[in-house]
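Residue numbers (the numbering used here): 20 to 287.
What follows is the structure, encoded as structure tokens:
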């Protein structure tokens, strides 16, 4: 702004000087020439003033543009600052989400490990309770591991020679497993334990139960021979003979049948 003011001052001074020079020499020219000179001088002055106004307007516009640009720069800086803050916030949120995801992955891994342990535990339990194939005394059947263990434990008592305890162990087994595939064998050992303790009547009852439920039992011939022995002890010779005759007729090739034949010959 100072530049165009300085230029205006210089132009005014020049015009004043020209005017003073013209006045001092006006006497040298005619009226027409003086008039033309004045008009020309006036036109130059107006042109100079117009130029000054145009330059002033241009400077004003430049200043407005500079002010507008300065305001835009402020707005742009604020926008950039807001954008930077948003970027930082997004980074923090992303970092938090990454941490949450990592924790979720750790939790998932722990759950998978626990699930695997549970499945292994369930599998091991299922194996413990899964029925096993048993072949005993000519019979084939399925039995639970616990059932098999209980029968073997009761049989072990019988082998110790404690026949009263063995009888009770086998009876307890049958109460726990009334439909067990071991039932016929348990009846055989109960009958033997009762014979050993001289409970002949109960012994006969249990041997006959064995023959009713499992006539194909490999110990069925022994059971029939044991019945005849019990009847002899009970002084029922007729019944004993009948039992031995049935044994020979039903299981003729068994060792028990051969023993029965020998005894029948002596009973005559």
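For glycine and all other residues, C-beta sits at the position ideal for the given N, C-alpha and C.
Remember, predicted model here, so these are calculated numbers, not experimental data.
Per DSSP, what kind of secondary structure is residue i in: helix, strand or coil?
i	result
residue 158	strand
residue 238	coil
residue 233	coil
residue 217	coil
residue 181	coil
residue 269	helix
residue 23	Note that residue 23 scores a pLDDT of 47, beneath 50, so its modelled location is shaky; the value from the coordinates is reported in the next line. Looking at residue 23 - three-state DSSP - the assignment turns out to be helix.
residue 50	helix
residue 262	helix
residue 257	helix
residue 5	The chain is shown from 20 up to 287; residue 5 falls before or after that span and cannot be answered.
residue 278	helix
residue 199	coil
Do you know how far the Cα of residue j is from the Cα of residue i?
i	j	result
residue 156	residue 128	52 angstroms
residue 223	residue 148	35 angstroms
residue 103	residue 115	18 angstroms
residue 218	residue 152	34 angstroms
residue 186	residue 177	8 angstroms
residue 52	residue 64	18 angstroms
residue 202	residue 212	15 angstroms
residue 283	residue 163	43 angstroms
residue 242	residue 150	29 angstroms
residue 59	residue 74	22 angstroms
residue 110	residue 85	37 angstroms
residue 206	residue 232	10 angstroms
residue 270	residue 254	25 angstroms
residue 54	residue 62	12 angstroms
residue 3	residue 112	It is not possible to answer for residue 3, since the shown part of the chain is limited to 20 through 287.
residue 78	residue 87	14 angstroms
residue 107	residue 94	20 angstroms
residue 130	residue 117	20 angstroms
residue 276	residue 266	6 angstroms
In the DSSP assignment, what are the bridge partners of residue i?
i	result
residue 63	Bridge partners of residue 63: none, in fact.
residue 153	160
Would you mind working out which of the options sits nearest residue i, comparing C-alpha positions?
i	options	result
residue 286	251, 52 and 122	251
residue 261	159, 244 and 273	244
residue 229	125, 218 and 246	246
residue 168	203, 158 and 189	189
residue 174	161, 163 and 192	192
residue 210	84, 226, 198 and 200	226
residue 154	264, 236 and 65	236
residue 166	180, 195, 182 and 159	195
residue 272	249, 84, 259 and 240	240
residue 161	200, 131 and 89	200
residue 183	208, 220 and 253	208
residue 264	280, 256, 122 and 88	280
residue 238	204, 70, 221 and 268	204
(message) Suppose only complete runs of 4+ residues qualify. What are the alpha helix (DSSP H) ranges in the stretch 72 to 127, listed by chain order?
(response) none
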